[in-house]
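Asker: One structure, pasted below without further comment.
2 protein chains.
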Amino acid sequence: MTVFRILRVDLSREHFSEEVIKEDLLKKFLGGRGLAAYLALKEIPRGIDPLDPSNKLYIFSGPLSGIATISSSRVNVTTRSPLTGVYTHANAGGNFSYWLRKSGYDGLIIEGKADEPVYLVIKDGEPKLKPAKHIWGKWTGASTKMILEENGFPPDETKAGVAVIGPAGENLVRFAGIRMSDYERFAGRGGVGAVMGSKLLKGILVWGTRDLYKEVVDRARFMKVNNDIVKRIAVHDTTKTLHKYGTNVLMNIVQAIGALPHYNFGGTGKLKDVTPVSEEYIKDHYPTEVHGCYNCPIACTQMPVVKSGPFKISTTEKYVKQEYESTWSLGPNIGLTDPEANIKLQKLANELGLDSISLGNTLAMAVELVKNGKLNLDVDWGDAGALEYLVYKIAYRDGVGDDLAEGDYRLAVKYGMPQLFSGSRGQGLPAYDPRALKGFALAYYTANRGGDHLEAYTPTWEIFGVPEKVDPFCETQECI
Amino acid sequence: MTVFRILRVDLSREHFSEEVIKEDLLKKFLGGRGLAAYLALKEIPRGIDPLDPSNKLYIFSGPLSGIATISSSRVNVTTRSPLTGVYTHANAGGNFSYWLRKSGYDGLIIEGKADEPVYLVIKDGEPKLKPAKHIWGKWTGASTKMILEENGFPPDETKAGVAVIGPAGENLVRFAGIRMSDYERFAGRGGVGAVMGSKLLKGILVWGTRDLYKEVVDRARFMKVNNDIVKRIAVHDTTKTLHKYGTNVLMNIVQAIGALPHYNFGGTGKLKDVTPVSEEYIKDHYPTEVHGCYNCPIACTQMPVVKSGPFKISTTEKYVKQEYESTWSLGPNIGLTDPEANIKLQKLANELGLDSISLGNTLAMAVELVKNGKLNLDVDWGDAGALEYLVYKIAYRDGVGDDLAEGDYRLAVKYGMPQLFSGSRGQGLPAYDPRALKGFALAYYTANRGGDHLEAYTPTWEIFGVPEKVDPFCETQECI
Numbered sequence: 003m004t005v006f007r008i009l010r011v012d013l014s015r016e017h018f019s020e021e022v023i024k025e026d027l028l029k030k031f032l033g034g035r036g037l038a039a040y041l042a043l044k045e046i047p048r049g050i051d052p053l054d055p056s057n058k059l060y061i062f063s064g065p066l067s068g069i070a071t072i073s074s075s076r077v078n079v080t081t082r083s084p085l086t087g088v089y090t091h092a093n094a095g096g097n098f099s100y101w102l103r104k105s106g107y108d109g110l111i112i113e114g115k116a117d118e119p120v121y122l123v124i125k126d127g128e129p130k131l132k133p134a135k136h137i138w139g140k141w142t143g144a145s146t147k148m149i150l151e152e153n154g155f156p157p158d159e160t161k162a163g164v165a166v167i168g169p170a171g172e173n174l175v176r177f178a179g180i181r182m183s184d185y186e187r188f189a190g191r192g193g194v195g196a197v198m199g200s201k202l203l204k205g206i207l208v209w210g211t212r213d214l215y216k217e218v219v220d221r222a223r224f225m226k227v228n229n230d231i232v233k234r235i236a237v238h239d240t241t242k243t244l245h246k247y248g249t250n251v252l253m254n255i256v257q258a259i260g261a262l263p264h265y266n267f268g269g270t271g272k273l274k275d276v277t278p279v280s281e282e283y284i285k286d287h288y289p290t291e292v293h294g295c296y297n298c299p300i301a302c303t304q305m306p307v308v309k310s311g312p313f314k315i316s317t318t319e320k321y322v323k324q325e326y327e328s329t330w331s332l333g334p335n336i337g338l339t340d341p342e343a344n345i346k347l348q349k350l351a352n353e354l355g356l357d358s359i360s361l362g363n364t365l366a367m368a369v370e371l372v373k374n375g376k377l378n379l380d381v382d383w384g385d386a387g388a389l390e391y392l393v394y395k396i397a398y399r400d401g402v403g404d405d406l407a408e409g410d411y412r413l414a415v416k417y418g419m420p421q422l423f424s425g426s427r428g429q430g431l432p433a434y435d436p437r438a439l440k441g442f443a444l445a446y447y448t449a450n451r452g453g454d455h456l457e458a459y460t461p462t463w464e465i466f467g468v469p470e471k472v473d474p475f476c477e478t479q480e481c482i
Numbered sequence: 003m004t005v006f007r008i009l010r011v012d013l014s015r016e017h018f019s020e021e022v023i024k025e026d027l028l029k030k031f032l033g034g035r036g037l038a039a040y041l042a043l044k045e046i047p048r049g050i051d052p053l054d055p056s057n058k059l060y061i062f063s064g065p066l067s068g069i070a071t072i073s074s075s076r077v078n079v080t081t082r083s084p085l086t087g088v089y090t091h092a093n094a095g096g097n098f099s100y101w102l103r104k105s106g107y108d109g110l111i112i113e114g115k116a117d118e119p120v121y122l123v124i125k126d127g128e129p130k131l132k133p134a135k136h137i138w139g140k141w142t143g144a145s146t147k148m149i150l151e152e153n154g155f156p157p158d159e160t161k162a163g164v165a166v167i168g169p170a171g172e173n174l175v176r177f178a179g180i181r182m183s184d185y186e187r188f189a190g191r192g193g194v195g196a197v198m199g200s201k202l203l204k205g206i207l208v209w210g211t212r213d214l215y216k217e218v219v220d221r222a223r224f225m226k227v228n229n230d231i232v233k234r235i236a237v238h239d240t241t242k243t244l245h246k247y248g249t250n251v252l253m254n255i256v257q258a259i260g261a262l263p264h265y266n267f268g269g270t271g272k273l274k275d276v277t278p279v280s281e282e283y284i285k286d287h288y289p290t291e292v293h294g295c296y297n298c299p300i301a302c303t304q305m306p307v308v309k310s311g312p313f314k315i316s317t318t319e320k321y322v323k324q325e326y327e328s329t330w331s332l333g334p335n336i337g338l339t340d341p342e343a344n345i346k347l348q349k350l351a352n353e354l355g356l357d358s359i360s361l362g363n364t365l366a367m368a369v370e371l372v373k374n375g376k377l378n379l380d381v382d383w384g385d386a387g388a389l390e391y392l393v394y395k396i397a398y399r400d401g402v403g404d405d406l407a408e409g410d411y412r413l414a415v416k417y418g419m420p421q422l423f424s425g426s427r428g429q430g431l432p433a434y435d436p437r438a439l440k441g442f443a444l445a446y447y448t449a450n451r452g453g454d455h456l457e458a459y460t461p462t463w464e465i466f467g468v469p470e471k472v473d474p475f476c477e478t479q480e481c482i
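Protein chains in written order, with my numbering: chain A, 3 to 482; chain B, 3 to 482.
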């Protein structure tokens with residue numbers, strides 16, 4: 003019988019309990035986001051402040067995480083969002099879900115609030131809370147490394163699953179994310195990192211030796227089906243392109259069809275050339291490491307490094323995990339096409355623990371408010387130095403950064419121009435202009451968490467014609 | 003009878019007491035640094051860790067502070083240094099000493115450690131400790147503004163005296179300073195900010211209406227002497243030059259005589275052209291505000307602003323108070339002559355609350371250790387982007403920044419090359435190469451606090467010939 007094993011961690015009482023979700027419920031909700039949503043609805047008290055200890059964090063793997071080969075090594079984080087005030091979910095690739103399941107649990111529920119900063123360690127079913135006062139304040143890269151080393155691992159993120167927040171989560175920035183191993187994976191959206199910060203939970207390490215395949219009912223058949231899928235996917239052009247250029251191959255494509263939002267969605271198409279922030283250009287000009295999520299042969303992660311100039315990063319962990327959404331939000335959407343500044347901004351989002359999409363949305367909102375004479379700040383579109391300075395100020399809620407840390411929507415409201423906000427349910431939109439992709443517009447505005455590019459990814463139809471082409475401008479039933 | 007009124011603040015017990023130093027002692031030690039040294043020697047227990055609550059901070063004005071017109075608006079901070087382990091003092095201009103005296107006290111002694119972050123407010127002899135948890139973490143500019151506004155002042159630093167620490171002081175960076183009003187004045191050296199941070203004291207506001215002139219025994223004569231001095235000084239060329247170019251007029255002069263240290267004192271003279279970081283160049287290329295300390299007609303403070311490019315700062319407080327020592331340490335000493343990067347680094351030192359001299363010394367040490375293959379870091383001389391990134395990492399003790407936050411000497415020792423350290427008593431040297439100014443070499447190595455350019459400023463003799471010229475290369479008694 004398939005079950006879903008949960009570790010419930012009450013930080014207020016430093017208490018652990020185990021729960022097993024049985025097959026009847028699992029058949030309805032599978033695991034991951036589905037099961038988390040079901041439990042969150044039942045368990046999180048209505049009307050609470052998302053940053054109150056009574057909020058809960060559901061960190062759930064999916065039923066195929068760690069066993070299926072392609073695109074299944076993802077972990078879902080569900081909670082009540084400090085950004086939108088309602089249900090949200092965020093998910094990350096990497097290896098966390100694999101190591102979470104290996105540790106003996108398929109999901110974690112984090113409740114309450116610690117007295118002092120702590121982190122959670124689970125090794126083979128043995129959970130432990132450890133003091134994290136000495137890690138509190140560290141950025142995500144260093145925090146991950148410290149947690150690994152303190153628990154007997156080399157500073158190699160493939161050896162265990164680690165989830166941490168950075169200063170942004172600690173400082174309750176409403177769009178702080180959770181960085182996941184291995185290497186700058188993010189459960190980014192909705193402020194899940196701020197919820198973790200509000201609980202004084204700095205990080206989670208998961209590791210174990212559980213045999214995941216043992217639990218597969220018909221292992222031989224599973225392997226056969228899995229291999230068939232892998233074979234079909236491996237030879238597909240999309241796979242090859244993703245491996246070569248990552249998700250940011252979309253930059254030129256979306257720009258070409260006029261769907262790439264520029265200048266806070268106010269000037270889509272206004273930037274004539276976004277080539278320098280396309281992955282084709284970046285891979286041509288910067289040394290780039292390619293990396294994959296656990297057990298995934300696509301290996302679409304592009305990690306470029308800038309080796310000189312004003313946006314060079316001096317650190318031993320100098321690579322930046324970079325994605326299309328992040329490149330867009332911290333690029334064209336803030337009027338910036340300098341690839342080095344763009345990569346640096348992505349690095350800062352990752353290191354300080356900010357959702358790169360909402361970070362770009364918020365910076366774009368700030369610039370537009372300045373342009374409208376509402377916000378007194380010396381910053382312009384593409385103003386790399388000034389924008390970079392603001393990123394730090396947001397993460398530390400310093401000065402005007404305290405306003406920006408509230409996110410794009412609240413910023414727009416505070417400065418009297420809510421009409422500048424492009425989003426749904428209070429969450430800013432990602433990298434596709436809904437006016438150019440009517441199907442995606444529908445997806446945006448019906449998405450449970452708001453501002454979502456993942457719940458119903460219509461660009462496959464509207465842009466790539468997979469499985470079939472749909473006219474992106476059509477608004478009637480006939481097109482479908 | 004002249005007395006020196008002290009407020010003793012015990013943060014552990016939240017207890018205030020007043021003490022009056024009588025004329026007999028004052029005649030020996032005057033006030034300020036002298037009196038503070040006397041009391042520190044008597045009161046601070048031997049052998050303590052400088053970051054232990056048993057350390058004390060003496061924040062003392064001088065006997066002429068707030069009344070004499072020229073160069074007297076300075077405040078001295080004395081403590082046991084977390085950088086050198088021994089007695090240290092640091093001093094700042096601005097208006098803090100004026101408002102301190104106006105508040106009813108000539109000096110403050112801060113003892114113990116608060117349970118939670120607090121700040122101290124003194125208005126007309128009424129001291130009060132206020133919670134500072136909401137300010138903890140903010141940078142120095144925003145902290146100053148918040149403290150002013152919370153206490154009924156406009157965000158105008160001339161209206162009250164404010165001293166604050168930034169993240170560096172909070173994070174016990176061994177060379178954190180204390181920022182003083184008005185506008186980025188610093189009691190910089192020796193880690194006095196870390197001592198304040200160790201006590202969980204975020205800031206101090208002083209204000210009052212005490213009539214300082216009432217206490218002058220022969221006011222008419224004092225005014226006459228004072229005016230005579232002002233008249234003589236006002237017409238002096240040095241005064242005019244200082245007003246026009248600030249202390250950084252020294253850049254070209256010291257470079258011209260081959261006494262400007264480059265590359266961590268390892269390559270003095272190697273940079274052929276430091277013009278772009280000279281004040282003549284900066285004032286020619288960047289809008290610069292000129293400002294003076296309280297009641298001082300020299301007004302030597304230069305505050306340039308960089309209005310575009312990768313090192314532009316986006317903030318409402320965009321001006322950077324800039325001095326020769328800071329420009330040098332974050333310029334030629336780290337092999338950097340880009341004025342915009344240089345100004346940005348000074349701004350970061352001021353905002354994050356770091357001693358700009360030791361910050362430059364430490365960055366220079368890091369680069370030299372890299373050059374010697376001892377430290378694995380991707381950073382080079384003049385490598386503006388990488389160096390800037392390190393400044394943040396130092397203030398937050400993140401990753402390798404945790405090592406750098408220990409200061410140049412400890413860094414050199416840790417990585418096995420203490421011989422690269424140029425300093426005395428464990429404090430790095432300021433902006434004059436002692437090999438080119440033998441008198442100053444003597445001053446450096448006999449200075450009580452170590453690495454000192456203030457206790458015996460021989461460049462007046464050795465460079466300017468004031469009051470008379472001394473051969474800077476002479477090492478025998480005959481030259482004097």
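Don't be surprised by glycine CBs; every beta carbon is placed ideally from N, CA and C. What you are looking at is a predicted structure, and each value in this text was computed from that prediction instead of being measured.
1) Taking all protein chains shown into account, do 16 or more other C-beta atoms lie within 10 angstroms of the C-beta of Ser310(A), making it buried, or fewer, making it exposed?
2) Please report whether the beta-carbon of Asp108(A) lies at a distance below 9 Å from any beta-carbon of chain B.
3) Taking 8 Å as the cut-off, does the stretch 357–364 of chain A touch the stretch 326–340 of chain A (at least 3 CB pairs, one atom from each stretch)?
4) Between Ile124(A) and Ser99(A), which are expected to be in contact by the criterion C-beta below 8 Å, what is the C-beta distance as a whole number of angstroms?
5) Do you know offhand how far Asn344(B)'s Cα is from Thr478(B)'s?
6) Below 8 Å on the Cβ atoms is my guess for Gly87(B) versus Pro52(B); work out the distance and round it to an integer in Å.
7) Assess, as a yes-or-no matter, whether the stretch 453–467 of chain A is touched by the stretch 421–432 of chain A under the definition of 3 or more beta carbon pairs within less than 8 Å.
8) Return the CA-CA distance between Arg7(A) and Pro157(B), expressed in angstroms with no decimal places.
9) Anything in chain A within Cβ reach of Ile483(B), meaning under 9 Å, just list it in chain order.
10) Give the residues of chain A in contact with Asn289(B), contact being defined as C-beta atoms less than 7 Å apart.
11) Compare the C-beta of Ser310(B) against all C-beta atoms of chain A and say whether one is closer than 9 Å.
12) To be precise: take each residue of the stretch 128–148 of chain A, compare its Cβ to all Cβ atoms of chain E, and keep it if any distance is under 7 Å. Which residues remain?
13) I want to see whether chain B comes within less than 9 Å of Ala395(A), judged by CB atoms only; does it?
14) For the stretch 172–203 of chain A, list every residue whose C-beta sits within 8 Å of some C-beta in chain B, in sequence order.
15) Shorter than 9 Å from the beta carbon of Val402(A) to some beta carbon of chain B?
16) Compare the C-beta of Glu408(B) against all C-beta atoms of chain A and say whether one is closer than 9 Å.
17) Please report whether the beta-carbon of Lys125(A) lies at a distance below 9 Å from any beta-carbon of chain B.
18) I'd like to know whether the C-beta atoms of Leu356(B) and Ala116(B) end up nearer to each other than 9 Å.
19) So Asp275(B) and Thr211(B) are supposed to be a Cβ contact under 8 Å. How far apart are they, rounded?
20) What residues from chain A crowd round Ala343(B), counting only those whose CB sits closer than 9 Å?
21) Let me check understanding here. Comparing Cα to Cα, which of Tyr185(B), Gly195(B) and Ala70(B) lies closest to Glu172(B)?
22) Quick one: what's got a C-beta closer than 6 Å to Gly68(B)'s C-beta in the same chain, skipping five residues either side?
23) Am I right that Ile255(A) and Ile465(A) are in contact with their C-beta atoms under 8 Å? What's the rounded C-beta distance?
24) Run through the stretch 167–211 of chain A for me and flag every whole alpha helix (DSSP H) of 4 or more residues, listed as ranges in chain order.
25) Which two residues bound the contiguous alpha helix (DSSP H) that contains Asp145(A)?
26) Measuring CB to CB, does Ala92(B) end up less than 9 Å from Gly192(B)?
27) Which residue from Glu128(A), Leu122(A), Leu59(A) and Gly143(A) puts its Cα closest to that of Glu323(A)?
28) At which residues does the alpha helix (DSSP H) containing Glu408(A) begin and terminate?
29) Are the CB atoms of Ala94(B) and Met182(B) nearer to each other than 9 Å?
30) If you measure from the beta carbon of Arg399(B) to each beta carbon in chain A, is any gap under 9 Å?
31) When DSSP labels each residue in this structure, what does Val232(A) get in the three-state scheme?
32) Beta-carbon within less than 6 Å of Gly109(A)'s beta-carbon, same chain only, minus the 5 sequence neighbours each way: which residues are those?
Answerer: On the basis of the coordinates in this document:
1) Result: exposed.
2) No, because no Cβ of chain B sits closer than 9 Å to the Cβ of Asp108(A).
3) With the rule of 3 Cβ pairs closer than 8 Å, the stretch 326–340 of chain A counts as touching the stretch 357–364 of chain A.
4) Rounded to the nearest angstrom, the Cβ distance from Ile124(A) to Ser99(A) is 13 Å, too far for a contact under 8 Å.
5) Those two C-alpha atoms are separated by around 38 Å.
6) Contact holds; Cβ gap of about 7 Å.
7) Yes, they touch.
8) For Arg7(A) and Pro157(B), the gap between their C-alpha atoms comes out near 55 Å.
9) A query on residue 483(B) cannot be resolved here, the shown segment of chain B reaching from 3 to 482 and no further.
10) Note that residue 289(B) corresponds to Pro in the displayed sequence, not to Asn. Neighbours of Pro289(B) in chain A, taken as residues at a C-beta separation under 7 Å, are lacking, since the least C-beta distance is about 12 Å.
11) Judged by the 9 Å Cβ criterion, Ser310(B) is in contact with chain A.
12) Within the model displayed, chain E is absent; protein chains A and B are what it includes.
13) The sequence as given places Lys at residue 395(A); Ala does not occur at that position. Interface annotation, Lys395(A): in contact with chain B, CB-CB separation under 9 Å.
14) Taking 8 Å as the Cβ-Cβ cut-off against chain B, the residues of the stretch 172–203 of chain A that qualify are Asn173.
15) Val402(A) counts as touching chain B.
16) Not an interface residue.
17) Nearest CB-CB separation between Lys125(A) and chain B: not below the 9 Å threshold.
18) Cβ distance not < 9 Å, so Leu356(B) and Ala116(B) don't count as in contact.
19) Asp275(B) to Thr211(B), Cβ: 52 Å. No contact.
20) Going along chain A in sequence order, the residues near Ala343(B) (Cβ under 9 Å) are Pro312.
21) Ranked by how close their Cα comes to the Cα of Glu172(B), the residues Tyr185(B), Gly195(B) and Ala70(B) have Gly195(B) in first place.
22) In the same chain as Gly68(B), and ignoring 5 residues on each side of it, the C-beta atoms closer than 6 Å to its own belong to Tyr100, Arg103 and Leu214, in chain order.
23) Right, their Cβ atoms sit about 7 Å apart.
24) The DSSP assignment places 169–172 and 194–200 as complete runs of the alpha helix (DSSP H) inside the stretch 167–211 of chain A, in order along the chain (cut-off: 4 residues).
25) Note on residue identity: the sequence assigns Ser, not Asp, to residue 145(A). For Ser145(A), the uninterrupted alpha helix (DSSP H) run begins and ends at Thr142 to Glu152, by DSSP.
26) Between Ala92(B) and Gly192(B), the C-beta gap is smaller than 9 Å, which places the two residues in contact.
27) According to the sequence shown, residue 323(A) is Lys rather than Glu. Considering only Glu128(A), Leu122(A), Leu59(A) and Gly143(A), the residue with the shortest C-alpha distance to Lys323(A) is Gly143(A).
28) No alpha helix (DSSP H) contains Glu408(A), which DSSP labels as neither H nor E.
29) Yes, they are a contact pair.
30) True, the Cβ-Cβ gap to chain A drops below 9 Å.
31) It is helical.
32) Annotation for Gly109(A): Ile8 and Phe62 place their beta carbon closer than 6 Å to its own, counting only its chain and skipping 5 residues before and after.
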